[in-house]
Amino acid sequence: MLLSREAICQDKSVDQFTDAILTHDQPRVAELFFNLVKKDGRSMGDALVSLTAAEAPFVQVPNHINIKDGQITLINNDHTILGLRTSAALAPYLPAEYQMLPMLQSVWYVPAGLDIWNQLLGKYPGRYATMKGMNVPLPKHGPVVWNDEQQPIVEPGTVDERLHSYMIATMSGDVKRSYGLFLGLAAEESARPALRDTLLFLGLIDVQDTVIGRKARNTGHKALRARAVVDLADYIGWERAHGVYYTGVPDMAIGPLYYSAYDAACVTLMESFPDGGKTLKQTNISPLSREEVEDFVRLLMEADTDVVWAQVTGFLRTGKSIKSIADTIQIGAAELILRNVEPRKFTDGQHPFDYCNTANYWMRGSENPYQARILYLMANFVNDVARSNKFYNSVLEQERAGFNGAGRTPDTLLQEIDQSIIAFDFAHTTSLAHAYLQAGGDRKAYLTSVAITACKFQDDPHNQKISHSTFEEYEHNSTHLRDRLLLAAVRLLAGWPKMPGERDCYARFMREWIRH
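No gaps in the numbering here: position 398 of the sequence shown is 398 in the numbering used here, and each next residue is one more.
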């Protein structure tokens, strides 16, 4: 049984959060959250129940593209739910006294992430309006509620039949029906494991063929949103997660929807295996060799799409495990970050990295028979971005040529990495990190230090998200190149220009909140 939105809104903290969010009072939103946990003694999950209920109506969009002067323009995805999910996951990497910092940063961001559609039209203030150089005053009216709350839909049939109906509603863009069917299934505890798997699967198969020369592209965000929904539901409790569902689930059916690449992966496997590759997770157990890993990463960076897809098929035909192939593609995703030297392009590498992380996360926790198909989407995304940006050559060796790390202790290197990230010096940051890792520096201390640095940044949940993605994949990756995941984390943190680059939340945390 799900706790209804009406029942959740009986808690006075929902109205308090709503007022602070709609008046764009970021410090007050964070203070309310802090007080609920530290002064009222409620759990972070309790506080998230109220916060997500307050924000959910105002972070929707009607579409992810608009038309301006006859041209396609992109409507960005809501990032508030991504930040909240990552904050809960990143906290264990931090020292005890810092573990509330990531969540406070994500909570602080919420008022800046409302009504993205109108932000991009210059009609509502927030991060995206600021990013476009628009100083928009807070209007007398509130943000538009683009998608209304729905009642649960429970139709006759088995859970599998109802899940199929939910998938079709989502894939056809029927937002109201999709959301209602999801709520009906989520209310049944026995249906939740299959619903969880289905939502992640739906997110992963909705990814564009190419980003080359495109404004309309979802850059894997549906997968990231799906993971945010299920992880926050796990964290809060599925019965109480109505605000999470309203925040995240309707958007899964918002267009444009991209299934062409998944269609191609299905056709490829049906032509290559009698059962379409549905038993490959069980039958394929051989890891890629060191040479195969390195050669495949090179192909991902340099080869044409057809060559990359043929290599994935070749690996599967010769018994290579899905996990080993996926782990290697994750290294390729890190290479997108490590080969970039232009700040504005770091976003191009970060999105396939996070997408591949979500795919690997799903594969690790699922027995879904269609996992082999997702390998093609992972490889396609990485290869497409590599070709789009011409990431054909490594730059790290040249960057390190003038670097001398002699005489630095591990603690000194960690301190310098922090300072270099804050200074946005990605080349020096990467060289420092390489010196630390090559000297055998403690990996746990590295993760802790980088996590603290990531949580200093304000108004961009991607900073924390890339840190957690790299940490998680480092802990699970089976290749000999997994240290490159840790290099990618700090390079991206240092390389991506932060908007707007303020440190108010971190300053207040260090001044007032860290002591509680």
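Glycine included, each C-beta is placed from N, C-alpha and C at the ideal position. All values reported here derive from a predicted model rather than from experimental measurement.
When you compare the CB positions of residue i and residue j, do they come within less than 8 Å of one another, or not?
i	j	result
H242	L3	yes
N357	E472	yes
R373	Y259	no
E399	A427	yes
P343	G133	no
I65	A216	yes
V517	G255	Residue 517 lies beyond the stretch modelled for the chain, which goes from 1 to 516, so this question has no answer here.
L202	A226	yes
Q350	I466	yes
Helix, strand or coil for residue i, going by three-state DSSP, please let me know.
i	result
I466	helix
T448	helix
L74	strand
K390	coil
V50	Note that residue 50 corresponds to Ser in the displayed sequence, not to Val. In this structure, S50 counts as helix in the three-state DSSP scheme.
N35	helix
K323	helix
K281	helix
K68	strand
S286	strand
F403	coil
Cα separation between residue i and residue j?
i	j	result
G407	L200	47 Å
D460	I205	26 Å
P139	Q119	11 Å
R240	L51	12 Å
D231	T430	31 Å
A30	P143	20 Å
L183	Q151	7 Å
T283	Q419	48 Å
A187	V490	41 Å
V175	G70	26 Å
S321	S286	5 Å
Q330	L487	13 Å
A601	D209	With the chain covering only 1 through 516, there is no way to say anything about residue 601.
V207	R127	25 Å
D354	A326	13 Å
From the options, pick the residue whose C-alpha is nearest to that of residue i; which is it?
i	options	result
A454	G501, C9, L48, V154	G501
F381	G365, P27, D348	D348
A54	F315, M1, D15	D15
R85	I325, L104, Q10	L104
Q464	A56, R28, V107	V107
R162	S13, R515, S178	S178
T479	F403, F346, T328, I212	T328
T73	T80, N63, H79	N63
G277	A303, V297, F315, Y245	F315
Y361	V450, N477, I337	N477
T219	D384, D25, T470, Q415	D384
L396	V341, A96, P274, D442	V341
V145	I153, Q10, A56	A56
Am I right that residue i and residue j are in contact with their C-beta atoms under 8 Å? What's the rounded C-beta distance?
i	j	result
W309	T268	6 Å
V61	I116	6 Å
L288	S324	5 Å
T448	L94	7 Å
R485	T470	According to the sequence shown, residue 485 is Leu rather than Arg. Confirmed, Cβ separation roughly 5 Å.
Is residue i near the ligand NAD - that is, is its Cβ less than 7 Å away from at least one heavy atom of it?
i	result
V490	Of the ligands one can find in the structure shown there are none, so the ligand NAD has no counterpart to examine.
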